[in-house]
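Notes follow once the structure below has been shown.
Number of protein chains: 2
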Amino acid sequence: MLTLFHHPMIAGCRFIRLILGEYGEEVSLIEERPWQRRKEFLQLNPAGALPVLLADGDVPVPGTNVIAEYLDETRGVLRRDKRLFADDPFERVEIRRLVDWYLVKFDSEVTRHMVRERIFKPIMPTAAGGGSPDAGALRAARGNIRGHMKYTNFLTGTRNWLAGPRLTYADLAAGAAISILDYLGEIDWQASPAAREWYARLKSRPSFRPLLAERVTGLPPASHYADPDF
Amino acid sequence: MLTLFHHPMIAGCRFIRLILGEYGEEVSLIEERPWQRRKEFLQLNPAGALPVLLADGDVPVPGTNVIAEYLDETRGVLRRDKRLFADDPFERVEIRRLVDWYLVKFDSEVTRHMVRERIFKPIMPTAAGGGSPDAGALRAARGNIRGHMKYTNFLTGTRNWLAGPRLTYADLAAGAAISILDYLGEIDWQASPAAREWYARLKSRPSFRPLLAERVTGLPPASHYADPDF
Chain A
22 MLTLFHHPMI AGCRFIRLIL GEYGEEVSLI EERPWQRRKE FLQLNPAGAL PVLLADGDVP
82 VPGTNVIAEY LDETRGVLRR DKRLFADDPF ERVEIRRLVD WYLVKFDSEV TRHMVRERIF
142 KPIMPTAAGG GSPDAGALRA ARGNIRGHMK YTNFLTGTRN WLAGPRLTYA DLAAGAAISI
202 LDYLGEIDWQ ASPAAREWYA RLKSRPSFRP LLAERVTGLP PASHYADPDF
Chain B
22 MLTLFHHPMI AGCRFIRLIL GEYGEEVSLI EERPWQRRKE FLQLNPAGAL PVLLADGDVP
82 VPGTNVIAEY LDETRGVLRR DKRLFADDPF ERVEIRRLVD WYLVKFDSEV TRHMVRERIF
142 KPIMPTAAGG GSPDAGALRA ARGNIRGHMK YTNFLTGTRN WLAGPRLTYA DLAAGAAISI
202 LDYLGEIDWQ ASPAAREWYA RLKSRPSFRP LLAERVTGLP PASHYADPDF
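Sequence lines, in order, name chains A and B.
Heads up, the final residue of the first sequence is numbered 251 in my numbering, and it's a clean run with no missing numbers.
Heads up, the final residue of the second sequence is numbered 251 in my numbering, and it's a clean run with no missing numbers.
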């Protein structure tokens, strides 16, 4: 069985769990706090970052993008019309572009800051950077959400799924990031009706269930978080 | 013919040019200053980031990683033993891990800060963030170089090329980042003899020549920069 070192509030980790869920792969989850820099964990991934998959034969596969490509090459290609990727090189370009958009750009402008300030800093020791949330960082991240949701609303208003007619990695990457912000009550769904309809379809999928059931200690989710008819 | 929107001092852009050079692909280069946010450029890549490749049929392929995968799928697979990637999924994991290391981790801890402070800020308008270099940012980036060069020295001391016996994307990604820092005279080669021998082999390749010939206006390179026997 596969093993995934992850944290429930890191978008890349959610993305990989959604892929595994869609492909029906059983996975053993190990929650890791990357700021602790555990020696055994650093041996698996010298970069010290999550997620890390222990693949077939317990070979470590480190990093969101590296894991996603590995799973496509060893699982996705066998799924025919259930594959979460595409055969055509230009469709692959569009899927990878959007995965990067939500897990690199959106992450560096919004998600990672929101999670660090609101979830990680309260539980991190001061020496590792813990403490009170930085109001300036929160304000900047909140200011950036609107543009990204506008873009998501545009894409979902013109396509059935984010990268085209079929569900792909792009939807799972966007859903991974947006679900974390939705937990934190940071998404204004009134302003994004097409994105809301798309996200309702996405979060109704069985692959989303385990994510929607998780709770951060001391920080309950927005009331509509786990409700597919929000 | 392919067209690449690039900047000579962004590591991801150098990486793509090295791939194209190794594959003998002719490319028309257009230098772009991403902080200008040109309207025509944003239409090609709404993310506003470099590099962007105009591929066959002038379809835009945006982002380092997306372009590298596209070039492997449309060029690399046809090259047999000259392919800069691998067939085996776990060899692919190691190559992608190292590309991420040098173009994401090393970039966010060293390269991007060094380039912003020493190259971009002096030519950027104040409104776009231009001005004098931030001594604290430079000090932090310099402090991070040593660990990365130690790791590079370790890898190159135990393997013929960075990811194993053959030249791959991993070498071109690392060479792209390190060559920018070497231009700026920021690499202490005395401390990294194995990395130095590897880099001398790499920069002797014809694909490196156009990069070594370029100059930043008003900022000459370190004296050994273009010398293969440095």
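Beta carbons are placed, not taken as given, at the ideal position from N, Cα and C, and that holds for glycine.
- Cβ contact annotation for residue 251 (chain A) (same chain, cutoff 6 Å, sequence separation greater than five): 245, in chain order.
- At the C-beta level, residue 115 (chain B) and residue 184 (chain B) come within 8 Å of one another.
- Residue 67 (chain B) carries a coil assignment under DSSP once its states are collapsed to helix, strand and coil.
- DSSP places residue 169 (chain A) in the uninterrupted alpha helix (DSSP H) bounded by 156–179.
- Looking at the backbone, the Cα of residue 40 (chain B) and that of residue 76 (chain B) are separated by about 14 Å.
- Here residue 171 (chain A) is not near residue 200 (chain A), since their CB atoms are 8 Å or more apart.
- The beta carbon of residue 219 (chain B) is closer than 6 Å to those of 177 in its chain, skipping five residues each way along the sequence.
- Here the alpha carbons of residue 180 (chain B) and residue 108 (chain A) stand approximately 34 Å from one another.
- The secondary-structure analysis by DSSP pairs residue 83 (chain A) across a beta bridge with A:73.
- Cβ contact annotation for residue 24 (chain B) (same chain, cutoff 6 Å, sequence separation greater than five): 49, 75, in chain order.
- Taking CB atoms only, residue 46 (chain A) has no neighbour in chain B less than 8 Å away.
- If you draw a 10 Å sphere on the C-beta of residue 146 (chain B), you find fewer than 16 other C-beta atoms in it, and that means exposed.
- By alpha-carbon distance to residue 194 (chain A), the top candidate from A:119, A:92, A:73 is A:119.
- In the three-state DSSP reduction, residue 183 (chain B) falls in the coil class, being neither helix nor strand.
- Look at residue 138 (chain A) here: in three-state DSSP terms it is helix.
- Distances from the CA of residue 92 (chain A) to each of B:72, B:100, B:80, B:113 were compared; the closest alpha carbon is that of B:113.
- Judged by pairs of C-beta atoms under 8 Å, the region 202–215 of chain A touches the region 127–142 of chain A, as three or more such pairs exist.
- Restricting attention to B:213, B:121, B:140, the CA atom closest to the CA of residue 87 (chain B) is found in B:121.
- Any Cβ of chain B closer than 8 Å to the Cβ of residue 87 (chain A) would place that residue at the interface, and such an atom is present.
- For residue 84 (chain A), the neighbours in chain B by C-beta distance under 8 Å run, in chain order, 117, 118, 121.
- For residue 26 (chain B), the three-state secondary structure derived from DSSP is strand.
- In chain B, no part has a C-beta under 9 Å from the C-beta of residue 130 (chain A); the shortest such distance is about 10 Å.
- Cβ-Cβ separation between residue 206 (chain A) and residue 243 (chain A): approximately 4 Å, consistent with a contact (criterion under 8 Å).
- Residue 41 (chain B) carries a helical assignment under DSSP once its states are collapsed to helix, strand and coil.
- Shown here, residue 49 (chain B) sits in a strand according to DSSP, grouped into three states.
- Neighbours of residue 95 (chain B) in chain A, taken as residues at a C-beta separation under 9 Å, are given in chain order as 110.
- Listed as beta-bridge partners of residue 193 (chain B) by DSSP are no residues whatsoever.
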